[in-house]
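Some notes on the structure that comes next.
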Amino acid sequence: MMNLSDWLDEPVSALSHLIIRFSTINRTGSMNFYGLYLGLVSRATLRLS
């Protein structure tokens, strides 16, 4: 299996920039989106550690 940390690094940084941009545009939907993002990141970091 490929190294998940290498594979996730680029998409995660791009996704975080996208979410920051998205949250500034749409305040109402940002909390749900951010919660989803945090869930994905925490799951990924748990799998990597």
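Each residue of the sequence shown is one higher than the one before, counting from 4 in the numbering used here.
For glycine and all other residues, C-beta sits at the position ideal for the given N, C-alpha and C.
Asked: Excluding the 5 residues preceding and the 5 following Y40 in the sequence, name in chain order all residues of the same chain whose CB lies nearer than 8 Å to its CB.; Found: L18, S19 and I22
Asked: Alpha carbon to alpha carbon, what distance is there between V44 and G38?; Found: 10 Å
Asked: Roughly how many angstroms separate the alpha carbons of E13 and T48, rounded to a whole number?; Found: 14 Å
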